[in-house]
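Chains V, S and G, in that order, give the protein sequences. Residue numbering for the first sequence follows the working numbering, beginning at 1411 and increasing consecutively. Residue numbering for the second sequence follows the working numbering, beginning at 425 and increasing consecutively. Residue numbering for the third sequence follows the working numbering, beginning at 10 and increasing consecutively. Idealized CB from N, CA, C, for every residue including glycine. As the structure is a computational prediction, the values presented were derived from the model and not from experiment.
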Amino acid sequence: MRPLTPKRILWTCGWLTALLFVAMVVALRMGAYPISVPDIVKALFNGAIGHWQEIPSEHQMVVFGLRLPRIALEILVGASLSVAGVGFQALLRNPLADPYVLGVSSGAALGAIVSLIAVPHTPGAIQVAAFLGAAVTIAAVYFLGRRGGQLDSATLLLAGIAATLFLSAAIICLMTTLTGRDLRGMAFWLMGDLSSPPPVTNVVGWLGFLFTVFLIASGAIYTTSSDLNLILTGEEEARHLGVNVRRVKLVVYVSASILTGLAVSVSGAVGFVGLLVPHLMRMLFGTDHRILIPASVIGGAIAIVIADTLARTVVAPTEVPVGAMTALAGAPVFIYLMRRRVR
Amino acid sequence: MSGMAGIGPAVAMPAGATEAPKPPRLNAEQASFAYAATDKSAPKFALSSTTFTADQREIVAILGPNASGKSTLMKLLAGLIKPLSGRIEVDGTEVSEMDLKMRAQRIALVQQESELLFPLRVWEYVLQGRYPHGRSLRFESEEDCLLAGNALAQVGAHALRDRWMEQLSGGEKQRVILARALAQQPSLLLLDEPTQHLDIGGKVELLRRLRKLADENRYTVVVVTHELNLAAEFSDRIVLLHNGKCLRVGTAAEVYQRELLEEVFQAPLDVEIRRNGRPRVLLRGVE
Amino acid sequence: MRGDKKFRRIEEWVATASAIVLVVCFIATSAHAAPQNTARTNAAEAKSSAMRTVVDDNDRKVTVPMEVRRVVSLAPNLTEAIYALGLEDKLVGDTDVCDTPPAAKLKPHVGGTMNPNLEAIVALHPDLVVAGAINQWDIERALEHLGIPVYGTDPQTVEGMLASTRKVANILGADAKGAEVVGQLQTRLDVLKAKLADRPLAHVLFVVWMDPLITTGQDTFIADALKWAGAESVVMSSQKWPHLSFEEVVRVQPEYIVLTPDHQESNAAGLADLRSRNGWKDLQAVEEGHVVVISAAINRPSPGMIDAIEQAAHAFHPEAFGSDSTQSEAHAEPQLESTVQLNVNSECAACVH
């Protein structure tokens, strides 16, 4: 009988973070611009101590202007989607649920298209509109997904499917009004793409904001970890043990949806991460959410850093959308996991 | 609470109350419940005005045919629904006034297990019973582990602790579920038809265990059951329900009257008193 | 249970409030345009002494070097223009799809037009990047953010394309050559205009895409090119790329059908293809053999489109060109290799049958 201890969690997170660090280093090294590792290290070091003049401007451009922000976004997207996946899998009582099944990504995509039509060429408009689209969808599905005053997993799932269908149809209708290049941009976005440059000039501030939102939302989910453990043995039983099931479901729903909306508004709908990373982490570390959630955060970050680095470099200089990479890798893994379950 | 081997109720009685009359452990006072009461139509009572009390170390059996209000009464006792009129009190506090955690610390409900979503080990499952005693996000302490281990021992399932829940047999699973309830250190233990899927040996074993637990750990146990004879053998008090009405409360000998039972259960029955004073119900031959 | 009710109201307020706060913060931060790391100076800028400010087609002020030595082109039409101006030595990189002239395929590539690889561009150390209408506007912003000047072109009409080409020539330091090339192209256009002066515009269906059927409205670059070729789209819509139902096509019965296939095809082949399609084969234009295959260059705002316009004009109004019923080889524009086809002779409809 060995209960979970904080020490074990920290230990696991520690070496997962080490893996993430390695992935980040490799990602920093790869790219179309030829720059050696010593030069990268020099640039990072000088940047850290504030000696910006010592860094050749092109190196600065590439390391701090291109690669680092992109890696930061990769981490954000991967972590957000994975935690959202854990949350939705608990909420919907299905280990193969995916953050997009409740329509959040379709809502974000619709918001993006509307902004492309209404206010094209406005910096940041797509991101804001996508987030708003996600938020509206979250609220709508919440109200549709209630039964007896609280979220019910079956009803929620149906509401999400209905929303997805409706929004997808609206998207198709609107897409016929987009002209050639906007359309192709949209297709990339629907697949999940991190190649677009940041939409704002103050990249650091923007990243800081995104990470703050991420921390708040995933922190909120983490506080319900014990509750989720209980709820997954049965909602009635959990209630009898003193879990405020209604409140927990609401917190998880809102937080996981915000995380999904965040990721989608940054990169479009990157698939399979929210589905598979929680599953893999469960296989490695068990189903206790107190360790599953931190493991998924770091595991998801590692996954997207690797996927996007491949997407950037595998057919350089052309860029493949990162969602294509996750789908190519993810689909076979998903099929394998499905068959294991059946057996 | 001394460091005893068994686990009794966590919530101690107020000190210095030895002289003043103590409230009974469980007190149901004219509790009733109706679904969908509107102004226009009179409410349809699922349970009307039921009154009984129970103390520590007592087993109460709630008997009655189907749709007699047994599950309604169970839900009232568990605090899942609020009585339309009357009160249900545990240790002097009204159940519906308790917040979730407090209720879970005092009342444990044992039900059929729902489908587990993920594989779970037995000790993990039982450890979850410690949830009401502490903050929401917490890590289990040594004491928690000790208490969980004791709970498993009390149901005779200590050897199962490292097994996976899904590998257990029906009887083993039920013992584990009971252990989780015991880990809550409740004052009141509620069981809803616990003997349903057990063979006769299993039924007897369960009731014997409940008797032992009630005696050793000073629980109050309330069992909803169909088993007339087992209830008579093991319980201290019987509550007989019929069509939402509480017909009689008392010892088995008091409640098991032939005409009453025949009317309630609509079956030809005979009642005979055994040597230990407890009645036994027999089916009169079918003609 | 009372506890539940307490929670209900509080949590709903908290949820709504935090949602609103988050959205507001998000909008505020996105719109915030604080100047980025000012220590980021472009070494190239520091080295070369002279810069000047020009205004590009999108009305943006761009600071370009007086002497541009290394330019990257992000659009095939601009690559073509650079070759036409004889400036291919300055071209250090182009996109995967820059295929005109064929020599352009040998230049280092920076990716596609939709999402060129920023690092690849930086690796080529360009002084200037030229971008066209088909590039995403945020790429231009990103490059400027990295300190690389971007000159954007976006001609809306054929003559606008000529003016734009002149300006690009000027920026790249080939003013005289630019004037010469553009002048010749303008002359050809004027000749065309004169020849078609008193002819009515032919009504054509310009097929952008077959299935679903997409054609051009009146407000596009193509529409302007068609006008120079003495034709106009049958669709009188200001919508740029309307999806047309086939019934509408039958209703308006265009005089000519213009196809722009990816691979090279003769008019006869295009005609045969339409003759084999249900519905299409019953159109007047198809029965009369009025099917014209034009290279896609007609939609590309580059010098090569003038050839395509002339081809189209010959097809729509053969009688205006006297005995020239085939492509005139007199057009001596040596740098350009045309990919345009033979035009159709309407009397030949009978023989193709």
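Between which two residues does the alpha helix (DSSP H) holding residue i run?
i: S:I483; result: Taken as a continuous stretch (DSSP letters only), S:I483 belongs to no alpha helix (DSSP H), being part of the beta strand (DSSP E) at I483 to L487.
i: V:G1618; result: V1613 to T1633
i: V:L1722; result: Strictly speaking, residue 1722 of chain V in this sequence is Arg, with Leu absent from that position. Unbroken alpha helix (DSSP H) run through V:R1722: H1699 to T1723.
i: G:Q293; result: Q293 to E296
i: S:Q529; result: L524 to R530
i: V:L1476; result: It is not in any alpha helix (DSSP H) - V:L1476 carries neither H nor E in the DSSP assignment.
i: V:L1542; result: A1535 to L1554
i: V:Y1663; result: V1655 to S1677
i: S:Y549; result: V546 to L551
i: G:E128; result: L127 to A132
i: S:N641; result: I624 to N641
Tell me whether residue i sits in a helix, a strand or coil according to DSSP, three-state version.
i: V:W1462; result: helix
i: G:S275; result: coil
i: G:M60; result: strand
i: V:H1689; result: helix
i: S:G674; result: strand
i: G:D184; result: helix
i: S:R702; result: coil
i: V:Q1560; result: strand
i: G:Q248; result: coil
i: S:L613; result: strand
i: G:G192; result: helix
i: S:G709; result: coil
i: G:E342; result: For G:E342, the pLDDT reaches just 39, beneath the cut-off of 50, and the residue's location in the model is therefore unreliable, although a value from the coordinates is still provided. Three-state DSSP puts G:E342 in coil, outside helix and strand.
i: G:L268; result: strand
i: V:I1445; result: coil
i: S:Y680; result: coil
i: V:V1610; result: coil
Classify residue i: buried if its beta carbon has 16 or more other beta carbons within 10 angstroms, exposed otherwise.
i: S:D694; result: exposed
i: V:I1582; result: exposed
i: V:M1434; result: buried
i: S:F658; result: buried
i: S:Q591; result: exposed
i: S:K494; result: buried
i: V:T1736; result: buried
i: G:I303; result: buried
i: G:A359; result: In this prediction, G:A359 scores a pLDDT of 38, lower than 50, which makes its location untrustworthy; no coordinate-derived value is stated.
i: V:G1644; result: buried
Residue range of the beta strand (DSSP E) that residue i falls in?
i: S:R661; result: R661 to H666
i: G:E241; result: A240 to S242
i: G:I73; result: Reading off the sequence shown, one finds Val at residue 73 of chain G, where the question assumed Ile. G:V73 -> beta strand (DSSP E) spans K70 to P74.
i: S:F476; result: K468 to A478
i: G:H212; result: A211 to V216
i: G:L137; result: L137 to A140
Compare the Cα-Cα distances from residue i to each of the options and report the closest residue.
i: G:I77; options: G:E128, G:A59 and G:K236; result: A small fix is needed here, since residue 77 of chain G is Val in this sequence, not Ile. For the residues G:E128, G:A59 and G:K236, the minimum Cα distance to G:V77 belongs to G:A59.
i: G:Q193; options: G:V243, G:V159, G:T88 and G:L94; result: G:L94
i: V:V1754; options: V:S1706, V:L1747 and V:V1743; result: Here chain V comprises residues numbered 1411 to 1753, so residue 1754 of chain V is not present and cannot be evaluated.
i: S:Q529; options: S:E537, S:L592, S:A502 and S:H582; result: S:A502
i: S:N574; options: S:R604, S:F457 and S:R587; result: S:R604
i: S:G516; options: S:E657, S:D479 and S:H621; result: S:D479
i: S:V402; options: S:R587, S:S611 and S:L685; result: Outside the displayed range of chain S (425 to 711) lies residue 402 of chain S, so it cannot be described from this structure.
i: G:E257; options: G:L292, G:A140 and G:F230; result: G:L292
i: V:P1509; options: V:G1558, V:L1747, V:I1571 and V:V1623; result: V:I1571
i: S:E482; options: S:L541, S:D568, S:S473 and S:T644; result: S:T644
i: S:H713; options: S:N490, S:L497, S:G595 and S:C670; result: The question about residue 713 of chain S has no answer, for chain S in this structure spans 425 to 711.
Members of the segment 1447-1473 of chain V that neighbour chain G once the beta carbon cut-off is set at 8 Å: Taking 8 Å as the Cβ-Cβ cut-off against chain G, the residues of the segment 1447-1473 of chain V that qualify are W1462, Q1463, P1466, S1467, E1468, Q1470, M1471 and V1472.
Interface residues of the segment 1632-1650 of chain V facing chain S [CB-CB below 9 Å]: Contacts with chain S (Cβ-Cβ distance below 9 Å) from the segment 1632-1650 of chain V involve Y1632, T1633, T1634, S1635, S1636, D1637, N1639, L1640, L1642, T1643, G1644, E1645, E1646, E1647, A1648, R1649 and H1650, listed in chain order.
Beta carbons nearer than 9 Å to chain S: which residues of the segment 1502-1516 of chain V have them? Flagged, chain order: R1503, N1504 and P1505.
Give me the subset of the segment 240-265 of chain G whose CB atoms are less than 7 Å from a CB atom of chain V, sorted by chain position. Against chain V - using a Cβ distance shorter than 7 Å - the residues of the segment 240-265 of chain G are K249, W250 and H252.
What residues in the segment 505-529 of chain S have a beta carbon less than 9 Å from any beta carbon of chain V? Within the segment 505-529 of chain S, the residues whose Cβ lies closer than 9 Å to some Cβ of chain V are D523, L524, K525, M526, R527, A528 and Q529, listed in chain order.
Scan the segment 69-101 of chain G for residues whose Cβ lies nearer than 7 Å to a Cβ of chain V and list them as they occur along the chain. The residues in question: there are none.
Please identify, using Cβ separations under 7 Å, the residues of the segment 1411-1425 of chain V that lie next to chain S, in order along the chain. Here the close residues are M1411, P1413, L1414, T1415 and P1416.
Residues, ordered as in the chain, of the segment 117-137 of chain G that lie near chain V by beta-carbon distance below 9 Å: For the segment 117-137 of chain G, the set of residues with a beta-carbon nearer than 9 Å to any beta-carbon of chain V comprises P117, H118, V119, G120, G121, T122, M123, N124, P125, N126, L127, E128, A129, I130, V131, A132 and H134, in chain order.
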